[in-house]
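**Student:** Numbering (UniProt numbering), first residue to last: 1 to 209.
Note that the Cβ used here is the ideal one computed from N, Cα and C, for glycine as well.
This structure is a prediction, so every number in the text was calculated from the model and none was measured.
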Amino acid sequence: MPPPPMAALRNPYVCLSCKLHNRQILSTFSQFYRSFSISLHRFSSTSAVVNTAPRPPTAPKPTPDIKHIRENAALYSQNCIDRNYHDLAQYPYEIQRLSAESHELQVALREPQRKIKQIESAIAKLRKDSSDSCNADPEEKQKQKTKVEEELSTLRLSAQHLKDQSHHLTTTRAAHAKEIERLGLSLPNLTKPRKHPPREPEPPRRKTT
1 MPPPPMAALR NPYVCLSCKL HNRQILSTFS QFYRSFSISL HRFSSTSAVV
51 NTAPRPPTAP KPTPDIKHIR ENAALYSQNC IDRNYHDLAQ YPYEIQRLSA
101 ESHELQVALR EPQRKIKQIE SAIAKLRKDS SDSCNADPEE KQKQKTKVEE
151 ELSTLRLSAQ HLKDQSHHLT TTRAAHAKEI ERLGLSLPNL TKPRKHPPRE
201 PEPPRRKTT
């Protein structure tokens with residue numbers, strides 16, 4: 001005989017309280033997911049605004065105390081060693097050397113600048129005297145003009161030579177100042193020295209009998 005037909009599958013029985021509890025869980029999860037989606041959207045919008053906002057102005061450029069470093073090169077060098085920056089220990093002495101050379105360059109600039117002013121005054125005076133000349137003899141006038149042009153040419157060459165020399169000194173001094181600032185910014189900050197050195201613990205006293 002053929003086997004009896006299988007009974008139709010039925011959903012498992014769930015009581016009313018379990019159904020209500022499951023619905024409450026699903027509702028709570030839906031609310032949480034909706035709230036999370038809104039928060040994520042707001043965060044993305046805020047991030048986009050922050051990323052596209054103009055960059056705020058930068059902080060003031062730090063300026064090293066070159067004078068203090070120059071006058072206390074040994075202190076700064078020892079500070080580099082104490083803080084394990086051995087490669088920077090020679091920087092304070094290099095700042096000292098470059099500062100001394102920079103001062104010498106500043107003194108050396110005074111002479112060519114003074115001579116340039118003298119030559120410019122001589123050129124102006126020579127032109128004025130030449131224009132005020134009332135020599136009626138054409139030949140003498142031509143000789144005077146030729147002489148003035150030769151003198152002006154010599155003065156201009158001297159002035160140009162001094163200007164080139166002054167420019168070289170100025171450029172070298174500016175390079176020294178830039179290197180001094182770079183070295184100063186590379187140095188670590190000084191550690192604050194202790195006002196009173198720590199005392200060593202005294203040995204325990206022996207009791208006398």
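Taking CB distances under 8 Å as the criterion, tell me whether residue 187 reaches chain D.
**Tutor:** In summary, chain D is missing from the structure at hand, where a single protein chain is found.
**Student:** Under 8 Å Cβ to Cβ from residue 83, same chain only, skipping five residues before and after it: list those, please.
**Tutor:** 188, 191
**Student:** Nearest to residue 144 by CA position, among 170, 126, 158, is which residue?
**Tutor:** 126
**Student:** Is the separation between the beta-carbon of residue 88 and that of residue 179 shorter than 8 Å?
**Tutor:** no
**Student:** Between which two residues does the alpha helix (DSSP H) carrying residue 138 extend?
**Tutor:** 138–186
**Student:** So the alpha helix (DSSP H) residue 70 belongs to, where does it begin and stop?
**Tutor:** 66–71
**Student:** Going along the chain, which residues of its own chain have a beta-carbon closer than 7 Å to the beta-carbon of residue 170, five neighbours each way excluded?
**Tutor:** 109
**Student:** Taking one C-beta from the segment 139–159 and one from the segment 70–84 each time, how about it: are there three or more such pairs within less than 8 Å?
**Tutor:** no
**Student:** Select from 114, 151, 62 the residue whose C-alpha is nearest the C-alpha of residue 129.
**Tutor:** Of 114, 151, 62, the residue nearest in Cα terms is 151.
**Student:** Report, in whole angstroms, the separation of the C-beta atoms of residue 64 and residue 181, which I expect to be a contact under 8 Å.
**Tutor:** 7 Å
**Student:** Is residue 176 closer than 8 Å to residue 246 when the C-beta atoms are compared?
**Tutor:** Not covered by the structure: residue 246. The range shown for the chain is 1 to 209.
**Student:** Could you check which residue in 160, 183, 67 has the C-alpha nearest to that of residue 119?
**Tutor:** 160
**Student:** So, for residue 184: in the same chain, excluding its five sequence neighbours on each side, which residues have a beta-carbon less than 7 Å away from its beta-carbon?
**Tutor:** Same-chain partners within the cutoff: 64, 66, 69, 95.
**Student:** Our contact map puts residue 105 next to residue 172 with C-beta atoms below 8 Å; I'd like the distance itself, whole angstroms only.
**Tutor:** 6 Å
**Student:** Quick one: residues in its chain with C-beta nearer than 8 Å to the C-beta of residue 123, no 5 flanking neighbours on either side, listed in chain order?
**Tutor:** 152, 155, 156, 159
**Student:** Under the three-state reduction of DSSP, which class applies to residue 191: helix, strand or coil?
**Tutor:** coil
**Student:** Using a Cβ-Cβ cutoff of less than 6 Å, which residues in the same chain neighbour residue 85 once the five nearest sequence positions on both sides are dropped?
**Tutor:** 188
**Student:** Between the beta-carbon of residue 166 and the beta-carbon of residue 90, is there less than 8 Å?
**Tutor:** no
**Student:** Just to confirm the assignment: which complete beta strand (DSSP E) runs, minimum length 3, are found wholly within the segment 105–129?
**Tutor:** none
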